[in-house]
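Colleague: Numbering (numbering that gives the first Met the number 0), first residue to last: 0 to 518. Idealized CB from N, CA, C, for every residue including glycine. This structure is in structure tokens; I'll ask about it shortly.
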Amino acid sequence: MAVLSRATRRTRATLRTLVTSGAGGLALALVVALAFPSLAFANVTLTQISSDPFTSSTCTASNTTYHHTEVEPDSFSNGATIVAAFQVARIFDGGGCDVGFATSSNNGGTWTQGLLPGITKFSGAGPFDRVSDAAVAFDARHNVWLISTLAISEAGGAHGAAVLTSRSTNGGLTWGNPVTTATGSNVDKNWIACDNTSTSAFFGHCYTEWDNNGAGNLLQMSTSSDGGLTWGAVKTNNAGVIGGQPVVRPDGTVIVPTDNANETAVGAFHSTDGGNTWSAITTIANISHHRVAGSLREGPLPSAEIDGAGTVYVAWTDCRFRSGCPSNDIVFSKSLNATGTSWAAVSRVPIDATNSGRDHFIPGLAVNKSTSGGTARLGLTYYFYTTAACGSSCALNVGFISSTNGGSTWSAATQLAGPFNVGWVANTSQGRMVGDYISTSYGSDGLAHGVFMTATAPTSGTTCGAVANNCNEPADSPASGLATLGGAASSAGDPVVFTDNGGGAHLWDTVQGNGIRHR
């Protein structure tokens, strides 16, 4: 375990990060720079909160393990404590050598990092070969931090073998060996949330969601009432889903925004009895999605948050406001009633004009839970390309935008990092990877703290993985947090100009052998 302080902070000088060793790297830098002549370079200082400590000699999970990489972060905050978790040492066909954590007890001022013990054979003599899909929660009743993970076994081909829960009873600084939430032959895409309202009848209940890809992405839910030590029987509503993110209202109602099994629609289901039963799914919207360029792994999975009064916000990647679907916006909807069975019309986050030619994807939405309604403060971290049709010269950027009035209007967008070459991030069977999701959390300082992956040039070769141990893809966060700013940018009146029917009446069916999988 190590402590990362403000001394590790650095400003990403965008052009400098594009220069690799050798003439080939310099040529690539010039190509990318010329491709984006109008890009307003960022001057945001980032803190590196973690990095992959493994090498090919300490984690030989396969011949296609990418050191030093970290991907797919989630985070959660309670008071001044922020806990983030992410895959460490990404493996081509699923998962990583371990899941890492980074914990700040002072609103991102300093961070303590480490690896979760007892999951994989590479850290604490765990029983599993790999691990993926980290999600973070805090249980206020039992004063315990929880990280849900997807354990992967390699026998018979890499597959999700169990959903696990790691626990910390000292503020996220150290973690015990995990407990088993559920087992299965092909489980996938878990998430976790807890009821932290002391007046709720289900205060201290925690809820884990995942899907069974071997059964058409069948929804699975389990509940714990003892701080994640034990988990109840698996429940389902028999729907096919992926990427669900439970949130809990102050009255104890659990609402779970989710995609359907093929990521062609976003909807929500709920429980009003502490997870004993779960409703059918209400469709929020069909998804219109532009597949981004650059062989990047990404998709329209939801990012869900809740305000202090219980209004649920869900954001995803969508092209409905762009004629012909040439690129994506980040869009969102919010709940209109107490059970998530009624939702507002889909709105576009007005990062730029619909004819900008830019592409926006992988949102990490946060809502300040001390705010609500017409004064709810929202912060959104996301990736973007400055040119959607970037072909073989795609470069990733990280942006941030905020709202002080529940998403009615937005601030100007801020660039946090980039551009950096897509080829500098870990490769997977589904494309180069920063994550299927990223995260933003509000601290007690009222600032938004995003957690995301950046990359710099490989230490040798021109792409991550071309040479052993040559990658540079750590987890980063803005050094001082980001203020939520008011603004006049609005998408009111923007017409929907592209639609996709999403699959009609059978959106939420489970079909054997059907359904997307993201390990």
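Tell me, please, which residues DSSP counts as bridged to H448.
Modeller: On the sequence shown, residue 448 is found 449 positions in, with the first residue counted as 1. S440, per the DSSP bridge assignment.
Colleague: So, using beta-carbon positions, are G99 and F85 closer together than 8 Å?
Modeller: Here the question's residue 99 lines up with position 100 in the sequence shown. Here the question's residue 85 lines up with position 86 in the sequence shown. Cβ distance < 8 Å, so G99 and F85 count as in contact.
Colleague: Near D250, what residues of its chain come up, given a Cβ to Cβ distance below 6 Å and the 5 sequence neighbours on each side ignored?
Modeller: Within the sequence shown, residue 250 is the residue found at index 251, counting from 1. Exclusion of the five residues before and after D250 leaves no residue of its chain whose Cβ lies closer than 6 Å to its Cβ.
Colleague: Taking the alpha carbon of D194 as the reference point, which residue from A88, V186, S223 has its own alpha carbon closest?
Modeller: As a first step, residue 194 must be located in the sequence shown, where it is residue number 195. For the residues A88, V186, S223, the minimum Cα distance to D194 belongs to S223.
Colleague: Taking the alpha-carbon positions, what's the W315 to F331 distance?
Modeller: Locating residue 315 in the sequence shown gives position 316, counting from the first residue. Locating residue 331 in the sequence shown gives position 332, counting from the first residue. Those two C-alpha atoms are separated by around 6 Å.
Colleague: Is the beta carbon of G226 less than 8 Å from the beta carbon of N185?
Modeller: As a first step, residue 226 must be located in the sequence shown, where it is residue number 227. As a first step, residue 185 must be located in the sequence shown, where it is residue number 186. The answer is no: Cβ separation not under 8 Å.
Colleague: Tell whether a beta-carbon distance below 8 Å holds between V246 and A192.
Modeller: Taking the first residue of the sequence shown as position 1, residue 246 is located at position 247. Taking the first residue of the sequence shown as position 1, residue 192 is located at position 193. Their beta carbons are under 8 Å apart, which means V246 touches A192 by this criterion.
Colleague: Where do the N-terminal and C-terminal ends of the beta strand (DSSP E) with A387 fall, by residue?
Modeller: The sequence position of residue 387 within the sequence shown is 388, counting from 1. Note, A387: premise wrong, no beta strand (DSSP E); not H, not E.
Colleague: Taking contact to mean 3 or more Cβ pairs, one atom from each stretch, closer than 8 Å, check whether the stretch 434 to 449 and the stretch 356 to 363 are in contact.
Modeller: yes
Colleague: Only counting the same chain, and skipping five residues up and downstream in sequence, which positions put a Cβ closer than 7 Å to that of I515?
Modeller: Within the sequence shown, the letter at position 516 stands for residue 515. Within the same chain, I241, A260, N261, E262 come within 7 Å of I515 by CB-CB distance, once the 5 residues on both sides are set aside.
Colleague: Locate the beta strand (DSSP E) running through K333, then write down its first and last residues.
Modeller: The residue labelled residue 333 in the question sits at position 334 within the sequence shown. K333 -> beta strand (DSSP E) spans 328 to 333.
Colleague: Is the stretch 445 to 457 close to the stretch 475 to 482, with three or more CB pairs under 8 Å?
Modeller: Short answer: they touch.
Colleague: Cutting at 6 Å between CB atoms, please list the residues of its own chain near A157, excluding the five before and the five after it.
Modeller: Working through the sequence shown from its first residue, we reach residue 157 at position 158. Answer for A157: D92, G93, I151, listed in chain order.
Colleague: What residue does the beta strand (DSSP E) around N285 start on, and which one ends it?
Modeller: The residue you call residue 285 lines up with position 286 of the sequence shown. Per DSSP, N285 belongs to the beta strand (DSSP E) from 281 to 285.
Colleague: First and last residue of the beta strand (DSSP E) that includes E71?
Modeller: Working through the sequence shown from its first residue, we reach residue 71 at position 72. Annotation: the continuous beta strand (DSSP E) that includes E71 extends over 69 to 77.
Colleague: Quick check: L377 and I329, are their CB atoms within less than 8 Å of each other?
Modeller: Counted from its first residue, the sequence shown places residue 377 at position 378. Counted from its first residue, the sequence shown places residue 329 at position 330. Cβ distance not < 8 Å, so L377 and I329 don't count as in contact.
Colleague: Any idea what DSSP makes of W144, helix, strand or coil?
Modeller: The count along the sequence shown starts at 1 and reaches residue 144 at position 145. Note: W144 maps to strand in three-state DSSP.
Colleague: Please check the pair P177 and T164, which I expect to be a contact at CB under 8 Å, by giving their CB distance rounded to whole angstroms.
Modeller: For the purposes of this step, residue 177 is taken as the residue at position 178 of the sequence shown. For the purposes of this step, residue 164 is taken as the residue at position 165 of the sequence shown. The pair is a contact, with the Cβ atoms about 6 Å apart (cut-off 8 Å).
Colleague: Just reading off the beta strand (DSSP E) that C208 is part of, what are its end residues?
Modeller: Translated into positions along the sequence shown, residue 208 becomes position 209. Residue identity check: residue 208 is Glu in the sequence provided, not Cys. Looking at the DSSP string, the run of the beta strand (DSSP E) that includes E208 is 205 to 211.
Colleague: Say whether the stretch 394 to 406 touches the stretch 418 to 425, bearing in mind that this needs 3 or more beta-carbon pairs closer than 8 Å, one atom from each stretch.
Modeller: yes
Colleague: Rounded to a whole number of angstroms, what is the C-alpha to C-alpha distance between F268 and T173?
Modeller: Numbered from its first residue, the sequence shown carries residue 268 at position 269. Numbered from its first residue, the sequence shown carries residue 173 at position 174. Distance between the alpha carbons of F268 and T173: 34 Å.
Colleague: With DSSP run on the structure shown, which of helix, strand or coil describes T374?
Modeller: As a working mapping, residue 374 is identified with position 375 in the sequence shown. Helix.
Colleague: Less than 7 Å between C-beta atoms, sequence neighbours within five positions excluded: which residues of the same chain meet that for K188?
Modeller: Counting from 1 along the sequence shown, the entry for residue 188 is found at position 189. Excluding its 5 nearest sequence neighbours in each direction, K188 has C-beta neighbours in its own chain below 7 Å: D132, W209, D210, I241, G242, H517, listed in chain order.
Colleague: By the 10 Å Cβ neighbour count, where 16 or more other Cβ atoms means buried, how is N77 classified, buried or exposed?
Modeller: In the sequence shown, counting from the first residue as 1, residue 77 sits at position 78. It counts as buried.
Colleague: Taking 6 Å as the limit between beta carbons, can you name the residues of its chain near G123, skipping five residues before and five after?
Modeller: Indexing the sequence shown from 1 puts residue 123 at position 124. Contacts found: P116, G117.
Colleague: Thinking C-beta only, is T413 closer than 8 Å to T340?
Modeller: The count along the sequence shown starts at 1 and reaches residue 340 at position 341. The count along the sequence shown starts at 1 and reaches residue 413 at position 414. The answer is no: Cβ separation not under 8 Å.
Colleague: Is the beta carbon of S221 closer than 8 Å to that of T207?
Modeller: Position 208 of the sequence shown, counting from 1, holds the residue named residue 207. Position 222 of the sequence shown, counting from 1, holds the residue named residue 221. It is a contact, given that the beta carbons lie within the stated cut-off.
Colleague: According to DSSP, F127 sits in a beta bridge with which residue or residues?
Modeller: If you number the sequence shown from 1, residue 127 lands on position 128. According to DSSP, F127 bridges with T119.
Colleague: When we look at the beta-carbon of H66 and count the other beta-carbons within 10 Å, is it buried (16 or more) or exposed?
Modeller: Here residue 66 is taken as the residue at index 67 of the sequence shown, counted from 1. Within a 10 Å sphere around the beta-carbon of H66 sit 16 or more other beta-carbons, which makes this residue buried.
Colleague: Taking DSSP as the reference, what is the three-state secondary structure of G24?
Modeller: Reading the sequence shown from its first residue, position 25 is the one you call residue 24. Caution applies to G24, whose pLDDT of 36 falls short of 50 and renders its modelled position unreliable; the value that the coordinates give is listed next. Note: G24 maps to helix in three-state DSSP.
Colleague: Suppose the cutoff is 6 Å on Cβ atoms and the five residues either side in sequence are ignored; what does the same chain contact list for S326 look like?
Modeller: On the sequence shown, residue 326 is found 327 positions in, with the first residue counted as 1. Hits under 6 Å: H289, D358, A387.
Colleague: Measure how close the beta-carbons of N237 and T509 come, nearest whole angstrom, since I'm counting them as under 8 Å.
Modeller: To locate residue 237, count along the sequence shown from 1; it is residue 238. To locate residue 509, count along the sequence shown from 1; it is residue 510. Distance from N237 to T509 at the Cβ level is roughly 7 Å; contact confirmed, criterion being Cβ atoms closer than 8 Å.
Colleague: Rounded to whole angstroms, how far is the Cβ of E472 from the Cβ of W507, which I believe are closer than 8 Å?
Modeller: On the sequence shown, position 473 is the one that residue 472 refers to. On the sequence shown, position 508 is the one that residue 507 refers to. Incorrect: roughly 35 Å between the Cβ atoms, too far for contact.
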